[in-house]
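Student: Residues in the sequence shown are numbered from 0 upward in steps of one, following numbering that gives the first Met the number 0.
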Amino acid sequence: MRAGIILLSAGLTLAAGMVIAHVAAPGRPIAAELVREFAVPEANQGIGVDADHFYAVDNRMIAKYDKASGERVAVFEGQKDGPIRHLNSAVVVAGEVYAAHSNFPDWPAANSVEVFDAETMQHLDTYALGIDRGFLTWLDYHDGSWWGAFANYKRISGRRPFDEGNKDNTQVVRFGRDWRIAEAWLLPDEVLEKFGDMSNSGGSWGPDHRLYLTGHDAAEAYVMERPETGSVLKWVATVPLKNTGQGIAWDRSTPDVLYGISRADHRVTANRMAIGRNRISIAIGRDSEEAAY
0 MRAGIILLSA GLTLAAGMVI AHVAAPGRPI AAELVREFAV PEANQGIGVD ADHFYAVDNR
60 MIAKYDKASG ERVAVFEGQK DGPIRHLNSA VVVAGEVYAA HSNFPDWPAA NSVEVFDAET
120 MQHLDTYALG IDRGFLTWLD YHDGSWWGAF ANYKRISGRR PFDEGNKDNT QVVRFGRDWR
180 IAEAWLLPDE VLEKFGDMSN SGGSWGPDHR LYLTGHDAAE AYVMERPETG SVLKWVATVP
240 LKNTGQGIAW DRSTPDVLYG ISRADHRVTA NRMAIGRNRI SIAIGRDSEE AAY
């Protein structure tokens, strides 16, 4: 199978003068440019990316595509009535794809981390998280730790009220040893309002050492920082994207490019961010393990 390559612009590196301030007000957008777009039938929940491939996530599938040709080269597909219910995201670390998984829309929320071989897409391992703070929607590895979010909602896809949860309880967490939660942060009320009745669907740490979050529908990402005090993340900027919500993933082989999806028309997008070269080189030098993904 070959993904339809819809658009390609020349080059993925920023012009030397294309720089943003290191701190931007939440209302001021960071510039982003669509540089590549693919029609991908599995682009329904999330996206992962490494140097040569991207990984489109559907509920029971993860499909591996060549970034240059758009050809599908491998796929994992869970059985229709099997244990894989709702995959949400993918991140590639040391040759393995780690995916957030939950029993959405059932309640109470139960979660696991599913691990796949990035070369063959064969399932390798599972880490059962059990019933926890909400639905696990994304995973990322940053600064020596695993990170993720447990989402809560006001509704489930418009079918019925979701009275069991409360989107205000959505939390971004840092996992410690054995996938136990070491720290947890709430989201600002203003960001929760951006999510509407849904919640935080995607997250990925950027080359500027900030956390980029997306909701379920809006075509933008919210740039967050850890607070100096307290337990609420700080919203510092907004990035308009050429995709609508859901999972995102920074391309750590091309640090100014953020991948996303649009589930309505099953597209994978690559967005080039206006982040200065110096900031990227400093970030990579300080975190060489992450840059090597």
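Backbone N, C-alpha and C fix where the C-beta goes; we use that ideal spot for every residue, glycine too.
Quick check for students: name the residue ranges of the beta strand (DSSP E) that lie wholly in the region 212-283, counting only runs of 3 or more.
Tutor: 219-224, 233-239, 247-249, 256-261 and 266-272
Student: Grab the span of the alpha helix (DSSP H) containing residue 188 for me, first residue to last.
Tutor: 188-193
Student: Taking C-alpha atoms, which residue in 62, 147, 205 and 228 lies nearest to residue 270?
Tutor: 205
Student: Would you call the CB atoms of residue 296 and residue 246 closer than 9 Å?
Tutor: A query on residue 296 cannot be resolved here, the shown segment of the chain reaching from 0 to 292 and no further.
Student: Kindly identify the DSSP beta-bridge partner or partners of residue 72.
Tutor: Beta-bridge pairing links residue 72 to no other residue.
Student: In whole angstroms, give me the CA-to-CA distance for residue 311 and residue 113.
Tutor: As shown, the chain starts at 0 and ends at 292. That puts residue 311 outside it, with no answer to give.
Student: Do residue 128 and residue 203 have their CB atoms nearer than 9 Å?
Tutor: no
Student: Is the separation between the beta-carbon of residue 94 and that of residue 76 shorter than 9 Å?
Tutor: no
Student: Can you give me the start and stop residues for the beta strand (DSSP E) that residue 63 sits inside?
Tutor: Where residue 63 is concerned, the enclosing beta strand (DSSP E) stretches over 60-65.
Student: To the nearest angstrom, how far is the alpha carbon of residue 273 from that of residue 82?
Tutor: If you take the alpha carbons of residue 273 and residue 82, they lie about 41 Å apart.
Student: Decide if residue 79 is buried, meaning its Cβ has at least 16 other Cβ atoms within 10 Å, or exposed.
Tutor: exposed
Student: What whole-angstrom Cβ distance do residue 55 and residue 39 have, given they're in contact under 8 Å?
Tutor: Contact flag correct, Cβ pair sits at about 5 Å.
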